[in-house]
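Heads up: the structure comes next, in structure tokens.
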Amino acid sequence: MTSSGGRRTAAGRGRRTAPTQVVAPSRPWGLIAAAVVVALFAVAVVGYAVVRSNRAEAESVTSPDQIPGVAVYEYPGGAHTADPVGYEQTPPVGGEHDLEWADCTGSVYPAPIRDENAVHALEHGAVWITYDPDVVTGDDLAVLVELTDGVSGTMVSPYPGQDTPVSLQSWGHQLRVDAVGDPRVEQFLQLLRYAPGLSPEPGASCENPQFLDAPLRPEDPSRTG
């Protein structure tokens, strides 16, 4: 009620308007999680498909001479050193090496590993796949992981600055390729992994839990010096 002069009563002066509440829209976390799972599954399917399509062709290869582009080098085995080694090839394929070998039980290393330990694994008959991390990512990296993960006698690691996107090394042998889907990748892997007569100690142990749990990086010193 107001007076004739238009003034409000005390009750009118005490009334306040309630603030408007803004409710943030809920995020569809279930849909987001499902999309991530689908994307990861698609990457795995791509890797599996490429590997399977090349495997049958690789089984018909019986000599390194049948794989175009394989470079062959001669290195004696058994030369151990705790010192850094200046290798002639990059990545290296043989020569002096550390007394400790890199684990090569289908090991996937997310960071570069020390050359001297990798070369010792090659002496045991392993195949070491290296890739340029600036070039090989996503689906391409999934292919390399599919080739090696859990496959005894293999290991894969990034190797920044190498000349080609992908390079494969076994003792005294090297193959450089521009694409992970190149059928020669599977041919090299199938033929030269634990190949009798093509490495000094084929079939020697690839297990080294210490290296797998704490890999040595290129700048690290030897643990055996």
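Take the sequence shown: its letters are residues 2 to 226, numbered as in this note's numbering. Glycine residues also receive a C-beta, built at the ideal position from the N, C-alpha and C atoms. The model shown is predicted, which means the values in this text are computed figures rather than measured ones.
Assuming contact is defined by CB atoms lying nearer than 8 Å, are Ile-130 and Thr-149 in contact in what I supplied? Yes, these two residues count as a Cβ contact at 8 Å.
Could you pull out every residue in the same chain whose Cβ sits closer than 7 Å to the Cβ of Ala-122, ignoring the five residues on either side in sequence? Same-chain partners within the cutoff: Trp-102, Ala-103, Cys-105, Trp-129, Met-156, Cys-207.
* Asked: Apart from the five residues just before and just after Gly-13, which ones in its own chain have a Cβ nearer than 7 Å to its Cβ?
  -> At Gly-13, the pLDDT of 47 sits below 50, so the modelled position is not reliable; the number obtained from the coordinates is stated separately. Cβ neighbours of Gly-13 beyond the five flanking positions: none.
Quiz item: Taking the alpha helix (DSSP H) that Gln-163 falls in, what are its first and last residues?
Solution: Gln-163 -> no alpha helix (DSSP H), and no H or E assigned at all.
Exercise. Near Ser-171, which residues of its chain fall below 8 Å by C-beta distance, leaving aside the five closest residues on each side in sequence?
Worked result: Excluding residues within five positions, the ones whose Cβ falls inside 8 Å are Val-94, Leu-123, Gly-126, Ala-127, Val-128, Trp-129, Phe-189, Leu-193, Arg-194, Ala-196, Leu-199, Ser-200.
* Distance CB(Val-1)-CB(Gly-173) smaller than 8 Å -> An answer regarding residue 1 cannot be provided, because it is not within the stretch 2 to 226 covered by the chain.
| The alpha helix (DSSP H) spanning Gln-175 covers which residue range? | Looking at the DSSP string, Gln-175 is not in any alpha helix (DSSP H); the run it does join, the beta strand (DSSP E), is 174-178.
| request: Give, in chain order, every unbroken run of the beta strand (DSSP E) that is at least 3 residues long and sits entirely within the region 56-119. | output: DSSP runs (the beta strand (DSSP E)) wholly in the region 56-119: 106-109.
C-beta contact flag for Pro-159 and Pro-85 at 8 Å: Between Pro-159 and Pro-85, the C-beta spacing is not below 8 Å.
Check whether the Cβ of Leu-169 lies closer than 8 Å to any Cβ atom in chain B.
-> Included in the structure is just one protein chain, with no chain B present.
task = Measuring alpha carbon to alpha carbon, tell me which of Trp-30, Gly-70, Val-109 ends up nearest Pro-184.
result = For the options Trp-30, Gly-70, Val-109, the alpha carbon positioned closest to that of Pro-184 is the one of Gly-70.
(request) Tell me Thr-155's beta-bridge partners as DSSP assigns them. (result) Thr-155 is bridged to Thr-106, Val-128.
- Message: Can you find the residues in the same chain that come closer than 6 Å, C-beta to C-beta, to Pro-222, ignoring five residues on each side of it along the sequence?
- Response: Contacts found: none.
Between Leu-145 and the ligand SAH, is the CB less than 7 Å from at least one heavy atom? This structure simply doesn't include the ligand SAH, nor any ligand for that matter.
Checklist line | Classification of Leu-32 by the beta-carbon crowding that lies within 10 angstroms, buried from 16 upward | finding: By the neighbour-count rule (16 or more Cβ atoms within 10 Å), Leu-32 is not buried but exposed.
CA-CA distance, Trp-30 and Val-109? Cα to Cα, Trp-30 sits roughly 31 Å from Val-109.
For Ala-80, which residues from the same chain have a beta carbon less than 8 Å from its beta carbon, with the 5 sequence-adjacent residues on both sides left out?
Answer for Ala-80: Gly-96, Glu-97, His-98, listed in chain order.
Between the C-alpha atoms of Ser-153 and Phe-212, what's the straight-line distance to the nearest angstrom?
Approximately 15 Å between the Cα atoms of the pair.
(request) Could you name the residues that DSSP lists as bridge partners for Ser-171? (result) Among the bridge pairs identified by DSSP, Ser-171 is matched with His-174.
Near Pro-77, which residues of its chain fall below 8 Å by C-beta distance, leaving aside the five closest residues on each side in sequence? Take Pro-77, set aside five residues on each side of it, and the residues of its chain with a beta-carbon closer than 8 Å to its own are Pro-201, in chain order.
Exercise. Mind checking whether Pro-161 and Asp-133 have CB atoms under 8 Å apart?
Worked result: Cβ atoms of Pro-161 and Asp-133: closer than 8 Å.
Notebook entry, point to check: Skipping 5 residues on each side, what residues in its chain have a beta carbon closer than 7 Å to that of Gln-163?
Noted result: The beta carbon of Gln-163 is closer than 7 Å to those of Thr-91, Pro-92, Thr-131, Asp-133 in its chain, skipping five residues each way along the sequence.
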